[in-house]
Every structure is written in C-alpha cells, then in structure tokens.
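So the structure is just underneath, and the comments pick up after that.
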Amino acid sequence: MRAPWGLLGSYALVVLVLVTLNFWLPRALPGQPIETLSDPRSETFVADASTRGELQRYYGLDEPLAAQYARYMQDLATGDLGTSIRYHAPVSDVLGGRIGWTLLLVATALVVGTAIGMLAGVHSGWRRGRAADRRLVALFLALDNLPSFFLASVAAYLLAVRLGWFPLYGARTPFAESSGALHALLDVAHHLALPAMVLALQFVTFQYLVMRASMVGELGSDYLLLGRAKGLSDRVLKYRYAARNALLPAVTVATLHIPLAVTAAIFVETVFAYPGVGRLLFEAVGDRDYPLMQGCFLVLSIAVVAANLLADLLYRRLDPRTAA
Amino acid sequence: MSARRPTVLWIGAGIVGCFVLVAALAPLLAPHDPRAISGASFQPPSARHPLGTNDSGQDILSQLIWGARSSLIVAASAAGLAVGFGALVGAAAGSARGVVDVVTMRVIDVALAVPALPLLIVIVAFAGPSRATVIVVIALAGWPAIARIVRSQTLSLARRGYVHAARGFGARAPYVIRRHLLPAVGPLVAASFVYWAATAVTLQAGLAFLGLSDPTEVSWGAVLNRALEHQSVYLTSQWTWWVLPPGLAITLAAVGLAFVGFGLEPRSNPRWERT
Numbered sequence: 000m001r002a003p004w005g006l007l008g009s010y011a012l013v014v015l016v017l018v019t020l021n022f023w024l025p026r027a028l029p030g031q032p033i034e035t036l037s038d039p040r041s042e043t044f045v046a047d048a049s050t051r052g053e054l055q056r057y058y059g060l061d062e063p064l065a066a067q068y069a070r071y072m073q074d075l076a077t078g079d080l081g082t083s084i085r086y087h088a089p090v091s092d093v094l095g096g097r098i099g100w101t102l103l104l105v106a107t108a109l110v111v112g113t114a115i116g117m118l119a120g121v122h123s124g125w126r127r128g129r130a131a132d133r134r135l136v137a138l139f140l141a142l143d144n145l146p147s148f149f150l151a152s153v154a155a156y157l158l159a160v161r162l163g164w165f166p167l168y169g170a171r172t173p174f175a176e177s178s179g180a181l182h183a184l185l186d187v188a189h190h191l192a193l194p195a196m197v198l199a200l201q202f203v204t205f206q207y208l209v210m211r212a213s214m215v216g217e218l219g220s221d222y223l224l225l226g227r228a229k230g231l232s233d234r235v236l237k238y239r240y241a242a243r244n245a246l247l248p249a250v251t252v253a254t255l256h257i258p259l260a261v262t263a264a265i266f267v268e269t270v271f272a273y274p275g276v277g278r279l280l281f282e283a284v285g286d287r288d289y290p291l292m293q294g295c296f297l298v299l300s301i302a303v304v305a306a307n308l309l310a311d312l313l314y315r316r317l318d319p320r321t322a323a
Numbered sequence: 000m001s002a003r004r005p006t007v008l009w010i011g012a013g014i015v016g017c018f019v020l021v022a023a024l025a026p027l028l029a030p031h032d033p034r035a036i037s038g039a040s041f042q043p044p045s046a047r048h049p050l051g052t053n054d055s056g057q058d059i060l061s062q063l064i065w066g067a068r069s070s071l072i073v074a075a076s077a078a079g080l081a082v083g084f085g086a087l088v089g090a091a092a093g094s095a096r097g098v099v100d101v102v103t104m105r106v107i108d109v110a111l112a113v114p115a116l117p118l119l120i121v122i123v124a125f126a127g128p129s130r131a132t133v134i135v136v137i138a139l140a141g142w143p144a145i146a147r148i149v150r151s152q153t154l155s156l157a158r159r160g161y162v163h164a165a166r167g168f169g170a171r172a173p174y175v176i177r178r179h180l181l182p183a184v185g186p187l188v189a190a191s192f193v194y195w196a197a198t199a200v201t202l203q204a205g206l207a208f209l210g211l212s213d214p215t216e217v218s219w220g221a222v223l224n225r226a227l228e229h230q231s232v233y234l235t236s237q238w239t240w241w242v243l244p245p246g247l248a249i250t251l252a253a254v255g256l257a258f259v260g261f262g263l264e265p266r267s268n269p270r271w272e273r274t
C-alpha cells in the first residue's frame, strides 16, 4: 500500500492550526485575559509572586509577537506547557495525573457502547419491521437527543441516589483503607460503571443504526436460505452467519466515535466529578487558570485529531478501495 | 416515509410554537421576576412557587420561562449567522471554482477537523461569556458544514442549462448567485438553519452548564449549572424540580427543532435518502 503522505500532511496542518490557535487566542481576544493576571486591581490577579513570575516568563508578553511564537513552539517541543496557577505545578505534571482516568473512561465507554450498539443492531435488523425493532429504533433515537449533561444527571439521580447501586461521584473511595489490590480494582470499576455507561450511550445510536442497516442488507442472502434448508437453528444463522458478515461497516464506524466520546467526556466527567482531563478543563475555566486551561485544550483536541487519523488509517487497511 | 414527514413537521412546529409563545409572553406568564429574591431559599413547590425556589430564593419556574427567551434568541441568531456565512462562502466557492474553491475547501476541511467543544470553551473563557460571544462562537462551529453542503449544491446547479444560458447572455457571477443559485438552494438552507438552531440550543445550554454564560442572563443551562453546584441537590427531592424541568426543556426544544428540520429537508438531500 502506498504511504498516505497526503493524509498525514493534512492532519499535520490541522495540528499546526490547533497549536497556533492555542498561542494566538489568549493574545488576540479583547480584555487581555493574561495581562490581568499580573494586574493587582483585577479579580484574577495572581497573588503568589513566584507563580506570577513563571506566568510572565511563559507568556513573555513584552517581547515581539514573532519571538513569543518562537519561544512558545520551543517550549511546546520540550513539553513545557507553563505553570498552573492553582496547583503551583507544571501544567504537564497536572495533566499527567489526569490523562489516565480519561483514557480509562473513554476506552471503557467505547467498548461497552460498541458492544451494546452491535447486539441491539443485530437483534433489531433480524426482526426488521416488527414491534421489537420499532421500539428499539424509537428508544435509541430518543437517547440520541438527550444532552449528555442532562442524561448524566438523570443517571446519577436514579441509579446512584435512588437505587444506590453506584457511587455518585469520584473515581475512587477517598481515604479508603487499603485492603488488597483486588478490592482497590473493584472500587475503581464500581466508580467507573456509571460515567462509562452514560458516555457509551452518547454514541450507541449511530453504531446501532449502522449495524441494523448492515444486518438488513444480509437478510435476503442465499447463504441464509441454504443454512435454513440445512436445518440450522435461528440462533446460529443470526449470530454466526448474518451478524459476522454484517460486521465490517460496524467496525469502521466504531473508530469514528472516538472524537465524539472525547467531547462528551467533558460533560460526563464534570457531572460525576470524575478526575479526568475534561473535569480538569471545567475546573480550570472556573478558576481562570489559563495555562492549565490551554493545556487541557491542547491535550483534548490533539487526542481527537490523532483518533481521526487512526480511524482514517484503519479504514484504509480494512477497505483498500478507499486508499486508491 | 414521505407520508410521515408532514406529521413530524407539524409535531415539531407545535413544540417550537409553544416555546416561541412562552418566550414572547414571558413577562406575562412568569409569576415572579426571575432575578428577584421572591421567597426563602430551597423552597419546595407551592402555589406561590410552582417549581420551588433556588439557593438564593429566586423562583425557578420564572427562570425557565425567561430561559426560553434566551435560548430561542441565541439559537436563532447563532443559526442565522452560521447559515448566512456558510451559504455565502459555499455559494462563492462553488461558483468561483479554481484556486478560490480549492483554498476555501481546504479551510473548510481543517475547520471541520478541529474538535468544536474544547475550542468553544477556550474562546468563551478568554473573550468573556457575554451573549454576543456565545452566539458568534456557536456560529463559528456551524458554518463549515453548511458551506460544504451549499458548495456541492452550487456546483451541481451550475451545470444546469438555464445557468449556462444566463452566463451566455453575459450575466456576471453576483447576478447568477442572486437570481438562480440562492433560490435553488433555499429549501436546503432553511433545513440547515433549523437543524443548526437545534444544535445551538444544546450548545448554549452546555456552555452555560459548564459555567460559561453571562452571569446576568437567565437561561436553562445556567439553572442547571447553579443546581448541580450543590451536591445536596441529589439527596433531597430538589432534583425533581430544580434539575429535571430545565433538562426536559432543553431536550424538548432541541427535539422540536430537529423534527422541523427533518420535515423541511428537501428530497434531494442525500441525508434524507439514506434514512
């Protein structure tokens, strides 16, 4: 297969645009948000002198713009994202402690959402037009229209508070006595279940519709008729034969969900106080912790772009016609 | 499917019509000034306060009624801006062709690849969360997709006989755009407008939910933001009258607009043919 230089080039351009926006936005927008950090009359004044010094050095606003940009790129290349005002620590360190939780949440949600969407799609497509199919279509379309922050709050109220099945917020029980690794693992899984479920429901509809359509496309096939003539059970025909053939489009669709999941994670993590990058972005906005906010922006948006690139490359591998 | 489309359109129009009515009559319908302290804080629903009061004693129902106004104004302005700019760019790129078209499409591709929500959050945080900023920022997220649709429509229209004839008689590009292209892409633009308004309702509420709204503005997202700041909202029945109603209002408004958009979508739209 030909190396996809054009594809890589256009993604590199998008990353360059993102990195430049991250540099340019705080300097271009009215109100000089960064300058007010060292203005004692402003409400966002940073009282701590060493942090203020760090900020002035990092943004370097008294230099010409080109020099600021060159220095910003240099810092970025060495992983220096400035100093967080609230945490008095390098932004890269603060982010490092949070990325793992977001990865765990998004990965779990992707696996769960893909599985639910595929199973429901197989079921629905197999019984196309029947009452069960129509009910599932209506249910998934309704789910698709609920804003993620509202769905998260409904789930928190019903499943965590009313029924008490899951903890309401956080990723671990605070100050828990350490009673073995297994116990700690179960605790993490217990906290993860609800946010991951809500996040999964954000993209399950698309997966479901694709799987359903793909399943419907298999229904009239000769191999199913032959299988039925041989006396194979409905179950074997449905899962071993039709579903297996209907899987390819659904697999490629799964990768398209990563950007959506990362974006919805900002809301879901915020509602459940889940300590990932999305919640960190929400906190940084509230604290006017600009360097931290910019760090979260870079991490989240570059993750989305990287996921898109991965999906594109995977798609070429699975369906070589698209590479031509 | 085509038999059901008018039904969907009318249901959607009914929902949106109700919200427009509530928004227009807000001063008459709201029992209290939404910003005034009209009772004790955390009051459960009563005759005086049908949905109770919030942490500072403001009437929640009145906030929801005035919130409809805020939501619809932001949705209409953001969608109008996004569709207007998007249609203009799309029509210009499609009829200019050549280098202009290539460069514009490149810009649109990059804009579509940039994840919207984190960028919106950062822009609003730096620029300050005034209503105007929120409108512009939501429009900013919407125009590339609309420009792309309009461009492809323009390209296919430009090959039609009557456009060739107009050009043959010496018509310039602005005339062709105004006289032939804009009327032809009109239905598509109308559907895009309503769809983007639905997205704008959710986006505005989402930004306000994250705390990115004008502190003086009464909106559904801001009610949610305020309510969920109190972890105690889950532990009492407060949740059912402080969180559930604004959440349902946002959902219902977005669904109503999406229904109208679906009902208005012209048959030529490939999106519809797939469904």
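These protein sequences, in sequence, are chains A and B. Quick note on numbering: numbering that gives the first Met the number 0 labels position 98 of the first sequence as 97, and the sequence is numbered without any gaps. Quick note on numbering: numbering that gives the first Met the number 0 labels position 245 of the second sequence as 244, and the sequence is numbered without any gaps. Every residue, glycine too, gets a C-beta built ideally from N, C-alpha and C. Predicted, not measured: the structure shown is a model, and the values here were computed from it.
- Query: By the criterion of Cβ-Cβ separation under 8 Å, what are the contact partners of B/I137 in chain A?
  - Reply: The residue given as residue 137 of chain B occupies position 138 in the second sequence. Here the premise fails: no neighbours, minimum Cβ distance about 14 Å.
- Using the Cα positions of A/T107 and B/P5, report the straight-line distance between them to the nearest angstrom. To locate residue 107 of chain A, count along the first sequence from 1; it is residue 108. To locate residue 5 of chain B, count along the second sequence from 1; it is residue 6. Cα to Cα, the separation comes out at about 41 Å.
- Item | Residues that A/G285 contacts on chain B, provided the C-beta gap is smaller than 8 Å | Start at 1 with the first residue of the first sequence, and residue 285 of chain A comes out as number 286. Per Cβ cutoff of 8 Å: G210.
- Amino acids of chain A, ordered along the chain, whose beta-carbon sits closer than 7 Å to that of B/T201: Reading the second sequence from its first residue, position 202 is the one you call residue 201 of chain B. Per Cβ cutoff of 7 Å: P146.
- Flag this pair as touching only if the region 40 to 60 of chain B and the region 173 to 188 of chain B have three or more C-beta atom pairs under 8 Å; answer yes or no. Contact between the region 40 to 60 of chain B and the region 173 to 188 of chain B is absent, with fewer than three C-beta pairs closer than 8 Å.
- Message: I want to see whether chain A comes within less than 8 Å of B/L223, judged by CB atoms only; does it?
- Response: Here residue 223 of chain B corresponds to residue number 224 of the second sequence, with the count starting at 1. Closer than 8 Å: yes.
- Query: Buried or exposed: where does A/K229 fall if 16 or more other Cβ atoms within 10 Å of its Cβ makes it buried?
  - Reply: Counting from one through the first sequence, the residue named residue 229 of chain A turns up at place 230. Label assigned to A/K229: exposed.
- Taking the runs of the alpha helix (DSSP H) that are 4 residues or longer, which of them lie wholly in the region 164 to 236 of chain A? List check, alpha helix (DSSP H) in window: 180 to 200, 203 to 217 and 221 to 228.
- Message: Between the alpha carbons of A/Y238 and A/G179, how many angstroms are there, rounded?
- Response: For the purposes of this step, residue 238 of chain A is taken as the residue at position 239 of the first sequence. For the purposes of this step, residue 179 of chain A is taken as the residue at position 180 of the first sequence. Their backbone Cα atoms lie some 40 Å apart in a straight line.
- Message: Classify B/A204: buried if its beta carbon has 16 or more other beta carbons within 10 angstroms, exposed otherwise.
- Response: Along the second sequence, read from residue 1 onward, the residue named residue 204 of chain B stands at position 205. Looking at its Cβ environment, which holds 16 or more other Cβ atoms inside 10 Å, B/A204 is buried.
- Message: Is A/F266 close to chain B? Criterion is C-beta to C-beta, closer than 8 Å.
- Response: For the purposes of this step, residue 266 of chain A is taken as the residue at position 267 of the first sequence. Taking 8 Å as the threshold, the shortest C-beta distance from A/F266 to chain B falls below it.
- Message: Out of A/L118, A/E217 and A/I115, which one is the CA nearest neighbour of A/A241?
- Response: For this step, residue 241 of chain A is matched to residue 242 along the first sequence. For the residues A/L118, A/E217 and A/I115, the minimum Cα distance to A/A241 belongs to A/E217.
- Item | Range covered by the alpha helix (DSSP H) that runs through A/Y71 | For the purposes of this step, residue 71 of chain A is taken as the residue at position 72 of the first sequence. A/Y71 -> alpha helix (DSSP H) spans L64 to A76.
- Query: Does A/F165 get closer than 8 Å to chain B when you measure Cβ to Cβ?
  - Reply: If you number the first sequence from 1, residue 165 of chain A lands on position 166. No, because no Cβ of chain B sits closer than 8 Å to the Cβ of A/F165.
- Item | Residue from A/Q206, A/V267 and A/G294 with nearest C-alpha to A/A114 | For the purposes of this step, residue 114 of chain A is taken as the residue at position 115 of the first sequence. For the residues A/Q206, A/V267 and A/G294, the minimum Cα distance to A/A114 belongs to A/Q206.
- Query: Who are the near neighbours of B/I64 in its chain, counting only those whose CB is closer than 7 Å to its CB and skipping five residues on each side?
  - Reply: Locating residue 64 of chain B in the second sequence gives position 65, where the first residue counts as 1. Only V21, A25, L28 and A29 meet the Cβ criterion.
- Item | Own chain, CB closer than 8 Å to A/V160, minus 5 neighbours either side, in chain order | The residue you call residue 160 of chain A lines up with position 161 of the first sequence. Within the same chain, Cβ atoms closer than 8 Å to the Cβ of A/V160 are found at L167, the five residues on either side in sequence being excluded.
- What does B/L80 reach in chain A if we use C-beta pairs closer than 8 Å? Along the second sequence, read from residue 1 onward, the residue named residue 80 of chain B stands at position 81. Per Cβ cutoff of 8 Å: no residues; B/L80 is ~18 Å from chain A at best.
- Query: Which residues in chain B sit within 9 Å of A/Q293, going by Cβ to Cβ distance?
  - Reply: Stepping through the first sequence from its first residue, residue 293 of chain A is reached at position 294. For A/Q293, the chain B residues whose Cβ falls inside 9 Å of its Cβ are V121, in order along the chain.
- Cβ-Cβ separation, B/L156 to A/I265 (assumed contact under 8 Å), whole Å: Indexing the first sequence from 1 puts residue 265 of chain A at position 266. Indexing the second sequence from 1 puts residue 156 of chain B at position 157. Separation of the CB atoms of A/I265 and B/L156 is rounded to 40 Å, and the pair is thereby denied contact status at 8 Å.
- Looking only at C-alpha atoms, which of B/A221, B/G169 and B/E228 sits nearest to A/V270? Against the first sequence, residue 270 of chain A aligns to sequence position 271. Cα-wise, what sits closest to A/V270 is B/E228.
- Query: So B/L60 packs on B/P49, CB below 8 Å; how close in whole Å?
  - Reply: Against the second sequence, residue 60 of chain B aligns to sequence position 61. Against the second sequence, residue 49 of chain B aligns to sequence position 50. Right, their Cβ atoms sit about 5 Å apart.
- Message: Buried or exposed, going by whether 16 or more other CB atoms sit within 10 Å of the CB of A/H182?
- Response: As a first step, residue 182 of chain A must be located in the first sequence, where it is residue number 183. Exposed, because fewer than 16 other Cβ atoms sit within 10 Å of the Cβ of A/H182.
- Query: Given a threshold of 16 other Cβ atoms within 10 Å of its Cβ, counted over all protein chains shown, does A/R287 qualify as buried or as exposed?
  - Reply: Sequence index remark: in the first sequence, residue 287 of chain A carries index 288 (1-based). Counting every other CB atom within 10 Å of its CB across the protein chains shown gives A/R287 a total of 16 or more, marking it as buried.
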